[in-house]
């Protein structure tokens, strides 16, 4: 994403210094962060998006290998940009979704800076706004949007037995059927993750 980094540095050259100021800071360049940037750009609100890794990193490395979007391509997309290489009723694989987010960010020259980690956000005591400490210096912002997603910490119910004879993994650590030992598998949870993983296990011959 070198071109996006250059765009951000061009718009906000002070980011190379130890302290920078911006109207609105968006933390995270996944689906929510990119969408927020598009809305702010349309409204003419000066802003900057910081992403500690790459755009849509969770889609690239934080999910199982066969992950696809929850809805078909005609539905699960941003306004103004279609998946031109997919059937409208197809479900986009995760690599295609990540590339799509990148393409959409380029479409409106989103001021995204990748490889910058936000370490702390503190509301200013006697003046408006926030002071944000990042891996590349301090940023002062009037507003902060946390677009880091709601699924960063796996939730394991306490009812799960602590038994070393059983392999227990969360969907956050599941990648493919090959990592599971021989024997039947119990999938707890029937949301989109549980349904997709159960379908894959069934196709792989797991009971």
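Numbering (my numbering), first residue to last: 283 to 489.
Think of the CB as a built atom: it goes at the ideal place given N, C-alpha and C, for glycine as much as any other residue.
Please read these numbers as outputs of a predicted model, since none were measured by experiment.
_Delimiting residues of the alpha helix (DSSP H) encompassing residue 389_ = Start and end: 376-389.
*Looking at the structure shown, is residue 442 part of a helix, part of a strand, or coil, going by DSSP?*
Collapsing the DSSP output to three states places residue 442 in coil.
*Please go through the same chain and pick out, in chain order, the residues whose beta-carbon is closer than 8 Å to the beta-carbon of residue 284, but skip the five residues on each side of it.*
With a pLDDT of 39 at residue 284, under the threshold of 50, the modelled position of this residue cannot be trusted, and the question is left open.
*Compare the C-alpha of residue 355 against each of 343, 302 and 379 and name the closest.*
Here the closest residue by C-alpha is 379.
_Inter-residue spacing [alpha-carbon to alpha-carbon] between residue 419 and residue 303_ = If I take the Cα positions, the gap works out to 11 Å.
*Compare the Cα-Cα distances from residue 329 to each of 313, 309, 346 and 338 and report the closest residue.*
Among 313, 309, 346 and 338, the Cα nearest to that of residue 329 is on 309.
*Among 459, 436 and 486, which one has its Cα closest to the Cα of residue 471?*
Comparing alpha carbon positions, the residue from 459, 436 and 486 closest to residue 471 is 436.
*residue 313, buried or exposed, once every other Cβ within 10 Å from all chains shown has been counted against 16*: Within 10 angstroms of the beta-carbon of residue 313 lie 16 or more other beta-carbons, which makes it buried.
*Name the DSSP beta bridge partners of residue 416, please?*
DSSP, once it has assigned bridges, lists 400 and 419 as partnering residue 416.
*Where do the N-terminal and C-terminal ends of the alpha helix (DSSP H) with residue 316 fall, by residue?*
Note, residue 316: alpha helix (DSSP H), 313-325.
*What's the gap between the Cα of residue 322 and the Cα of residue 449?*
If you take the alpha carbons of residue 322 and residue 449, they lie about 46 Å apart.
*asked:* Once DSSP output is grouped into helix, strand and coil, what is the label at residue 305?
replied: Correct three-state label for residue 305: strand.
*What residue from 325, 324, 387 and 460 has the CA that sits closest to residue 486's CA?*
Closest in C-alpha terms to residue 486, from the list 325, 324, 387 and 460, comes 460.
*Exposure of residue 457, with buried meaning 16 or more beta-carbon neighbours within 10 Å*: Residue 457 sits exposed, since fewer than 16 C-beta atoms from the chains shown fall within 10 Å of its C-beta.
*Is the beta carbon of residue 466 sitting closer than 8 Å to the one on residue 489?*
Cβ distance < 8 Å, so residue 466 and residue 489 count as in contact.
*asked:* For residue 343 and residue 476, what's the separation of their Cα atoms in angstroms?
replied: So the two alpha carbons sit approximately 18 Å from each other.
*Return the chain-ordered list of same chain residues with a C-beta closer than 7 Å to the C-beta of residue 452, the five sequence neighbours on each side being excluded.*
The answer, listed in chain order, is 436 and 438.
*Where does residue 448 sit, in a helix, a strand or coil, going by DSSP?*
If DSSP states are grouped into helix, strand and coil, residue 448 belongs with coil.
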